[in-house]
Amino acid sequence: MATEPKNYVDYETALKHFDVVFGIEVHIELSTKTKLFCSAPNAFGAEPNTLISPVSLGLPGALPVLNEKAVEYAIKLGLALNAKINKKSYFARKNYYYPDLTKNYQTSQSDEPTIGEGHLDLQISDTEMFRIDIERAHLEEDAGKNTHVGGAEGRIFGAQYSLVDYNRAGVPLIEIVTKPVFGAGENAPEIIAKYVRELRDIARTLEISDARMERGNVRADINISLSPKGSGKLGIRSETKNVNSFRSIEAAAHYEIIRHASILLEGETVTQETRHWHEATSSTTSGREKSNADDYRYFPEPNLVPVVISDEWIDQIRAEMPELPAHKRARLTKEWGFSPKDMQDVLNADALALVEMTVTHGTSAHNAKKWWLGELSRIAKEASLSLTDLAITPENVAEIQKLIDDGKVNDKIARKIITDVIAGKGTVAEIVANENLEIVSDDSALKKFVQEALAEQPDVAEKLRNGNMQPIGVIIGIVMKKSQGKADAKKVREIILAEK
Amino acid sequence: MANNINTNDLTLLTAHEQAELLNAKQVSSTELTGAYLNRIHALDEQVNAYLTVTDDVALKTAKEVDDLRAKGEKLHPLAGVPIAIKDIVVTKGIQTTAASKILEGWIPPYDAHIVTKIKDAKLPILGKTNMDEFAIGSSTEYSGYKITHNPWDLAKVPGGSGGGSAAAIVASLAPLAVGSDTGGSIRQPAALTGTVGVKPTYGGVSRYGAIEMASSLDQLGPCAKTVLDTAYLQGILGGYDAKDSTSLDYDHNRMASAALKGKNQDLHGVKLGIVRELTGEGFADDVQKSFDSAVELLKEMGAEVQTVDCPSFDYSLAAYYILMPSEVSSNLARFDGMRYGLRACGDNLSAEQTMRLTRAKGFGKEVKRRIILGTHALSSGYYDAYYGSAQKVRTLIQRDFTNAFEKVDALISPTAPTTAFKIGEKMTADPVTMYKNDIATIPVNLAGTPAMSLPSGLGADGMPIGFQIMAPGKMDDRLYFVGSALEQALCEKNGALYEKIQFGKQAVNMKTEAK
């Protein structure tokens, strides 16, 4: 058995010899006001151990009561995943010892979860869909959070002591488990990432989670195994835990495929284990060895009654379902006159909601796309921020575009306004006013600059007078300089033609 | 009586009688509570009924009741009557250990639902009573702190796990007590001490704040000298609680009216069933004889008595000793030294080592045995054979009850196979000797139905014998009706059993004379 190969083959070689089989477990933290089994608040970022109750602390004698909202959220998700909603579902205890688990068992759904089999179709090219079959989605409580102090990379190994924060203990989670997925071929890493992204978008659309990857609201565990090409036999899997960006998900899957293939091609067997993804080295390392003998001693949670869901309840939730992301994308592509590639670019930039909001505020879809995928993406990248974290709203962007459309500023100034808004220098209107950025379209001022420029460049002026328009840019450039970049270039050209 | 009340007599009265005196302002709660505290301090060293005595807490409530009564405020009928609470129930600000070393020093930051109800009704809390560790045991010998003695014969056990509450009642160290019953922990001690104990319908009394032993079986209930007193106490303890998902909503005030009605001793139209599987073989002769003569009394009062078969009851002990340890193994997992209670310390211990050492040090032998049993029963590959089969037996037992209750209104049996045994007698290498004490009490826990034990007489050894009545779910009032009739008939025939006890009478008189 091996955890690392001696040499790594390349991706093409891996795919030539093996079929990729994957399975994904995605945990989504629900944004209910209170925790899954008690009235302690469910919130992010509070002082450690302040969002607690006897129940979430697992104090002796404290009993759980199921949060109805969490069940409602599960039903919503189930409907979005085309899944069977079980009329009767149960909670069980998953028994294991860990300091972040207050009762030393996790209350989770086992054999009879609220959400049964379903599927999610992913658009993988202009014409092609790929179906991910879902085994189940179950409700469970999150554990607390351990912080290991003194070890490398915050890991427990080598740590001097550990701190536990139980604020997260008892926060509701939905875990969505796929069936083994076959036939994704070389696109497996991309499809995996796309699937997680789709779930993230669905969770946001349904407003059942803040669904922020960087906060751990969405956590993906990726199971990969390889089987000899065409054999149809399941190989030994590895599970890469908690990879928390779409890019990392894709990279981790890619890495694992190569690692498995390399080990197998060396004639070794893959060790069944948990792997940890390292962003810095773009590789995974061996975690806990995981055998099928992990025995959680599941048994029905005696303190909770069965979750009973009526048809009326499902119908009511169905009637209130918002438009789902896939449908919305198709609709917007059409409404905006986008090509599938345009839409894909927007999605890859994680900018759909931003573009849509900008359009809502009056900007054309193409202009909105141009800003968010161009200048704003560049700024975000430089600052290592996500687009949503930039201190500029779609409304701001729409406002700036309107200044351009109205001929009040040019592109260059618009970019300066954007920079200033992000820098917190004020509102768009304030920046335009304070910095006197409004374009110079006052004819007399421009006329004066043009005359000056022509006088300064008699040769050019001569050429222009003779009908050779080629060097007109020289004059425009001088005028722009004189106006400190505020001149409307179109207007300048008109004046030059009149004044030459 | 009212003219020459002294505090000694007071503690020998029933809670109901005490409540009448309080309401008539003939005694103050401070006097009554003080009398109990005096008695506890004078006598409990012989009994070990209490783990913690809370003088200040009790007297504060007593004074509050007296002040309110003086102002003419409307009070709960039992306001001012003191109460003892089994240490398995979480009490805010009062050490709660479930008689385990692993919880030594734990001062809970919250109250169990029933403690809130007791506080609302303003019953002074005398203290926390001893028990087998985490309610695991049938003799109170498995307490992590001390062994409780049976006040009828201090060399004998008071039963368990609620031996502390039962002994406190019969020794007049508390007029009322709360117990918990997972497989008989209220009823078997009641039988062995000649007191009354009731396990209400599962869900009848909120379990919120009752430290879990086996959650699907645990139920809190009342202990007292008389059926009427337990009925009044169930009226306080019972009722729906949103914090317990298994809580049921039904009226608990009708228990007292049923008990009062029972005193008329008219059982015409009442059909009773003797459980064939819970009589005869395995039950001591004097227990069987006492049971038979109680049945005669029931018939004399007009009850129709027949024998019914509950064939699956033969498997109840086996099923119970799978299900209960399974739940125990999970429920007791949280005691790991990380958050509260005992923490084993040492140099450079990892969290895992700390957990392991804490549990090795903090849990007693029988608790460990059950954790190991349950862990095994739930483990992969064994689950279906053990837990799965036991759940099926449980269903069969429920079906037996359902069938039986189609024929009769209530079922009857002896509560325990024998009278109280000697301390140490059953602490043998074979734990099953001890487990067999609960043979008659376990079926109702598996079915979730209510049952009562009341004394039916004394055995050849002069020790009390218990009589068990079982009713359908939510029909707890039938226990009180039939139990009260039998109690009344027995009392008229033989006098009140609890008055026959010698313990404490002399000691208290001497102490009073000295004053």
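Chains as they are written, first to last, in this note's numbering: chain A, 1 to 500; chain B, 1 to 515.
Note that CB positions come from ideal geometry on N, CA and C, so glycine has one too.
- prompt: Do Leu78 (chain B) and Val65 (chain B) have their CB atoms nearer than 8 angstroms?
  reply: no
- request: Check whether the region 164-174 of chain B touches the region 40-48 of chain B, counting contact only when three or more Cβ pairs, one atom from each stretch, lie closer than 8 angstroms.
  value: yes
- request: Only counting runs of 4 or more residues, tell me where the alpha helix (DSSP H) segments fall wholly within the region 4-31 of chain B, in order along the chain.
  value: 7-12 and 15-23
task: Taking 8 angstroms as the threshold, find out whether the region 24-31 of chain B comes into contact with the region 185-195 of chain B through three or more Cβ pairs.
output: no
field: Cβ contact check for the region 50-61 of chain B and the region 120-127 of chain B: 3 or more pairs under 8 angstroms
entry: yes
- request: Would you list the one or two residues that DSSP bridges to Pro189 (chain B)?
  value: BP columns for Pro189 (chain B) are empty, so no partner.
field: Glu141 (chain A) - containing beta strand (DSSP E), residue span
entry: Met129 to Glu141
- request: With a 10 Å radius around its C-beta and 16 neighbouring C-beta atoms as the bar for buried, classify Gly78 (chain A) as buried or exposed.
  value: buried
Within chain A, the residues that Glu499 (chain B) reaches when beta carbons sit closer than 7 angstroms: Those within 7 angstroms of Glu499 (chain B) in chain A number zero; the least Cβ separation is about 36 angstroms.
message: If we define contact as Cβ-Cβ less than 8 angstroms, is Asn95 (chain A) a contact residue for chain B?
response: yes
query: Which two residues bound the contiguous beta strand (DSSP E) that contains Gly457 (chain B)?
result: Ala451 to Leu458
message: Which same chain residues end up closer than 6 angstroms to Lys271 (chain B) when comparing Cβ atoms and leaving out the 5 residues on each side of it in sequence?
response: Glu304, Val408 and Asp409
- request: Determine the burial state of Met480 (chain A): buried for a count of at least 16 other Cβ atoms within 10 Å of its Cβ, exposed for fewer.
  value: buried
query: Name the DSSP beta bridge partners of His276 (chain A), please?
result: A:Lys241 and A:Thr285
- prompt: For the alpha helix (DSSP H) that contains His148 (chain A), what are its first and last residues?
  reply: First-last for His148 (chain A): Lys145 to Val149, but that is the beta strand (DSSP E), not the alpha helix (DSSP H).
query: What residues in the region 428-439 of chain B have a beta carbon less than 8 angstroms from any beta carbon of chain A?
result: none
- prompt: Of the residues that make up the region 96-125 of chain B, which ones have a beta carbon closer than 8 angstroms to any beta carbon in chain A?
  reply: Thr96, Ala98, Leu103, Trp106, Pro108, Pro109, Tyr110 and Ala112
N- and C-terminal bounds of the alpha helix (DSSP H) containing Tyr320 (chain B): Ser316 to Asn331
- request: Just the C-alpha distance for Leu323 (chain B) and Lys146 (chain B), rounded to the nearest angstrom, thanks.
  value: 28 angstroms
- request: Please classify Arg297 (chain A): is it buried, with 16 or more other beta-carbons within 10 angstroms of its beta-carbon, or exposed?
  value: buried
field: Partners in chain B for Ser162 (chain A), counting only beta-carbon separations shorter than 7 angstroms
entry: Ala351
field: chain A contacts made by the region 145-176 of chain B, where a contact means CB separation under 9 angstroms
entry: none
- prompt: Just reading off the alpha helix (DSSP H) that Glu395 (chain A) is part of, what are its end residues?
  reply: Pro394 to Asp405
- prompt: In terms of alpha-carbon separation, which member of A:Ser225, A:Val65, A:Gln123 and A:Ser209 lies closest to Gly23 (chain A)?
  reply: A:Ser225
query: Is DSSP giving Glu494 (chain A) helix, strand or coil here?
result: helix
query: For Asp459 (chain A), which option in A:Glu435, A:Lys500 and A:Asp420 has the closest C-alpha, if you only look at C-alpha atoms?
result: A:Lys500
- prompt: Taking three-plus beta-carbon pairs below 8 angstroms as touching, is the region 336-344 of chain A in contact with the region 178-194 of chain A?
  reply: no
Beta-carbon contacts of Leu10 (chain B) that lie in its chain and below 6 angstroms, excluding the five residues immediately before and after: Leu32 and Ala35
query: How far does the beta strand (DSSP E) with Pro458 (chain A) in it reach, from first residue to last?
result: Not the beta strand (DSSP E): Pro458 (chain A) falls in the alpha helix (DSSP H), residues Pro458 to Arg465.
message: Once DSSP output is grouped into helix, strand and coil, what is the label at Ile397 (chain B)?
response: helix
field: Reduced DSSP category for Gly209 (chain B) - H, G, I as helix; E, B as strand; rest coil
entry: coil
field: Per-residue contacts from Ala333 (chain B) into chain A (C-beta, under 8 angstroms)
entry: Asn95, Tyr97, Lys103, Asn104 and Tyr105
Contacting residues, own chain, Cβ-Cβ under 8 angstroms from Arg329 (chain A) (five flanking each side not counted): Gln123, Met343, Leu347 and Leu352
Of the listed residues B:Gly239, B:Ile274, B:Val227 and B:Gly269, nearest to Ser257 (chain B) (C-alpha basis): B:Val227
field: Alpha carbon of Ile516 (chain B) to alpha carbon of Met131 (chain B), nearest angstrom
entry: Shown here, chain B extends from 1 to 515; a query on residue 516 (chain B) therefore has no answer.
message: Assuming Glu135 (chain A) and Gln106 (chain A) are in contact, meaning their beta carbons sit under 8 angstroms apart, how far apart are those beta carbons, in whole angstroms?
response: Their Cβ separation, rounded to whole angstroms, is 19 angstroms, which puts Glu135 (chain A) and Gln106 (chain A) out of contact at 8 angstroms.
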